[in-house]
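In numbering that gives the first Met the number 0, the protein residues as written are 0 to 401. Here's the structure we're looking at; comments come further down.
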Amino acid sequence: MLPEKITLADRVLQVPPSPTLAVNAKAKALRAAGADILNFSVGEPDLSTPAHVCEAGKQAIDAGHTRYTPVAGIVELREAICARFRKEHGWEYVPEQVQVSCGGKHGLYNIFQAILNPGDEVLIPAPYWVSYPPMVQLAGGTPVIVPLKEENDFDLDPTALAQYATAKTKAIILNSPSNPTGAVYTRASLEAVAKMAYDHGWLVVSDDMYEELTYAEGKIAHILNIDPRLKEQLVISNGVSKSFAMTGWRIGYSVGPIEVIKAMNKIQSQSTSNPAAPSQYAALAALTGPQDFPAQLREAFLPRRAFFVKALRAIKGVTCVNPMGAFYVFPNFSAYFGKSFQGKTIDGSVALADYFLSEAKVASVPGAAFGADAFIRFSFATSMTVIEKGMERIRLALAALQ
Ligand code: GLU
Numbered sequence: 000m001l002p003e004k005i006t007l008a009d010r011v012l013q014v015p016p017s018p019t020l021a022v023n024a025k026a027k028a029l030r031a032a033g034a035d036i037l038n039f040s041v042g043e044p045d046l047s048t049p050a051h052v053c054e055a056g057k058q059a060i061d062a063g064h065t066r067y068t069p070v071a072g073i074v075e076l077r078e079a080i081c082a083r084f085r086k087e088h089g090w091e092y093v094p095e096q097v098q099v100s101c102g103g104k105h106g107l108y109n110i111f112q113a114i115l116n117p118g119d120e121v122l123i124p125a126p127y128w129v130s131y132p133p134m135v136q137l138a139g140g141t142p143v144i145v146p147l148k149e150e151n152d153f154d155l156d157p158t159a160l161a162q163y164a165t166a167k168t169k170a171i172i173l174n175s176p177s178n179p180t181g182a183v184y185t186r187a188s189l190e191a192v193a194k195m196a197y198d199h200g201w202l203v204v205s206d207d208m209y210e211e212l213t214y215a216e217g218k219i220a221h222i223l224n225i226d227p228r229l230k231e232q233l234v235i236s237n238g239v240s241k242s243f244a245m246t247g248w249r250i251g252y253s254v255g256p257i258e259v260i261k262a263m264n265k266i267q268s269q270s271t272s273n274p275a276a277p278s279q280y281a282a283l284a285a286l287t288g289p290q291d292f293p294a295q296l297r298e299a300f301l302p303r304r305a306f307f308v309k310a311l312r313a314i315k316g317v318t319c320v321n322p323m324g325a326f327y328v329f330p331n332f333s334a335y336f337g338k339s340f341q342g343k344t345i346d347g348s349v350a351l352a353d354y355f356l357s358e359a360k361v362a363s364v365p366g367a368a369f370g371a372d373a374f375i376r377f378s379f380a381t382s383m384t385v386i387e388k389g390m391e392r393i394r395l396a397l398a399a400l401q
């Protein structure tokens, strides 16, 4: 017990721990204790980091890259990020406009710490990735949740955004492809939002972490290409975690106006100093070496996505949008809410995900964590065998509800 005077900070009491990481830890602990758990919770590719990237990390250690680096990251990596943006999108940035951080998540944290004051509102389309609202709150801002519609395939909704925007709106978070819905925003919705953002002078935070993992032909629309004038009020967040299966290396990057990046560097200099040096060299190898890995991931994910969506849609009462990017399915199970098992009522996504875990031994993340209680998220970054087995268990568990 802490002595009475040592209370925890109010900011900590406001936010929950990350639910994605919590469910993953619970699933792993149950498995370690001998339970036959199928884990669809946390989102991380099941393929290993490419060998040449691992080799670059090892070589960096051997070459003595084991000390502090510049706060914003090694200049070679920041140059490689600029070169990549130029090649892939035609965007012109200089290394001073890039911050490398301990994962995309940490970059987003730094962005909000750098721009928000108490009372500043941030528009967050829902379903949203679990950490956006707590990050905004931890920075003293106010998350404003804007619901998106399943019947619109969770596309951005400019009309809803206009309803929730106020004079205090300072920023908006975009995430296409989206975690958890897999939605890829349409050009039309992005055009409308680009106009709103430009007219109102909002900072646009574009979380592009799943950019490489899309299932449509060709490149997806990006707000910066739709309205290049937004460059001065846009921060792009990305990283190597998903596209190069490097979640544990913890390397993400943010690219944006020099003033914002400088402010983020000030925060990073007072907190983590810099991301791990060997990881930065590994990320450099990922971004400058062979580029076929994201395509390999896509190839691996395509049949799993097709199977998962079809199997979910085959269950009575379940609807499921076909994800156009990322590696999650986000089915709607609300038809089963109000039913019960052994006298216990399933009153929402948390109860249903608990039921799946305890009775079906299937770990998933309840939609409530993403601001959408009718749904549950399953990651399909796992083997087809596990998906087939998991779907059968889910089907039986739902059938057993009364
Ligand atoms: N972004 C991944 C997920 O949603 C990783 C876990 C996390 O940081 O939330 O599962």
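Quick reminder that beta carbons are idealized off the backbone N, C-alpha and C, glycines included. Remember, predicted model here, so these are calculated numbers, not experimental data.
| Item | Value |
| --- | --- |
| Pair within 7 Å by beta-carbon distance, Ala-419 and Arg-394 | Coverage of the chain is limited to positions 0 through 401, which leaves residue 419 absent and any answer about it impossible. |
| Cβ contact (3+ pairs, closer than 8 Å) linking the stretch 194–210 and the stretch 229–248 | yes |
| C-alpha distance - Lys-104 paired with Phe-336, whole-angstrom precision | 33 Å |
| Three-state secondary structure assigned by DSSP to Tyr-354 | helix |
| Simplified DSSP assignment, three categories, for Gln-269 | coil |
| For Ala-281, the nearest candidate out of Val-203, Trp-248, Pro-293, Arg-304 (CA to CA) | Trp-248 |
| First and last residue of the uninterrupted alpha helix (DSSP H) at Leu-115 | Segment: none, Leu-115 is in no alpha helix (DSSP H) and carries neither H nor E. |
| Where Thr-344 sits in the DSSP three-state scheme | strand |
| Any non-hydrogen atom of the ligand GLU closer than 6 Å to Gly-103 Cβ | no |
| Gly-238 CB to nearest heavy atom of the ligand GLU below 6 Å | no |
| DSSP three-state assignment for Asn-321, whether helix, strand or coil | coil |
| Endpoints, beta strand (DSSP E) assigned at Ser-253 | 251–254 |
| CB of Gln-267 within 7 Å of CB of Val-70, strictly | yes |
| Rounded straight-line distance, which links the Cα of Ala-113 to that of Gly-72 | 18 Å |
| Beta bridge counterpart(s) of Asp-206 as assigned by DSSP | Ser-236 |
| Local conformation of Thr-287 per DSSP, three classes | helix |
| Buried versus exposed, by CB contacts within 10 Å (16 or more), Lys-148 | exposed |
| Range of the contiguous beta strand (DSSP E) that encloses Ala-182 | Premise fails: Ala-182 is in no beta strand (DSSP E) and is neither H nor E. |
| Same chain only: Cβ atoms within 7 Å of Arg-228, ignoring 5 sequence neighbours per side | Tyr-197 |
| For Leu-301, the first and last residue of its enclosing alpha helix (DSSP H) | 292–312 |
| Segment contact, 8 Å Cβ cut-off, at least three pairs: the stretch 212–223 with the stretch 52–61 | no |
| Anticipated Cβ contact below 8 Å, Val-121 with Pro-94, distance rounded | No, Val-121 and Pro-94 are not in contact; Cβ-Cβ is about 27 Å, not under 8 Å. |
| Inter-residue spacing [alpha-carbon to alpha-carbon] between Pro-176 and Met-323 | 7 Å |
| Spatial neighbours of Gly-153 in its chain, beta-carbon cut-off 7 Å, leaving aside the 5 residues before and after | With the sequence shown as reference, residue 153 is identified as Phe, and Gly is not the correct amino acid for it. Cβ within range, chain order: Pro-126, Leu-147, Ser-177, Thr-180, Ala-182, Val-320. |
| Identity of the residue in Asn-273, Gln-401, Lys-169 nearest Ser-100 by Cα | Asn-273 |
| Nearest residue (CA-CA) to Gln-341, options Gln-279, Phe-332, Tyr-354, Gly-347 | Tyr-354 |
| C-alpha distance - Gln-295 paired with Pro-49, whole-angstrom precision | 11 Å |
| Ser-17: CB within 6 Å of a non-hydrogen atom of the ligand GLU | yes |
| Whole-Å CB distance - Ala-302 paired with Val-317, under 8 Å assumed | A quick correction: the sequence has Pro, not Ala, at residue 302. No, Pro-302 and Val-317 are not in contact; Cβ-Cβ is about 20 Å, not under 8 Å. |
| Paired residues, beta bridge with Arg-376 - DSSP | Val-364 |
| Buried versus exposed, by CB contacts within 10 Å (16 or more), Ser-339 | exposed |
| Minimum C-alpha distance to Val-328 - residue among Lys-315, Ala-310, Lys-343 | Ala-310 |
| Stretch pair the stretch 24–40 + the stretch 379–389: three plus CB contacts closer than 8 Å | yes |
| heavy atom of the ligand GLU below 6 Å from Val-41 C-beta | yes |
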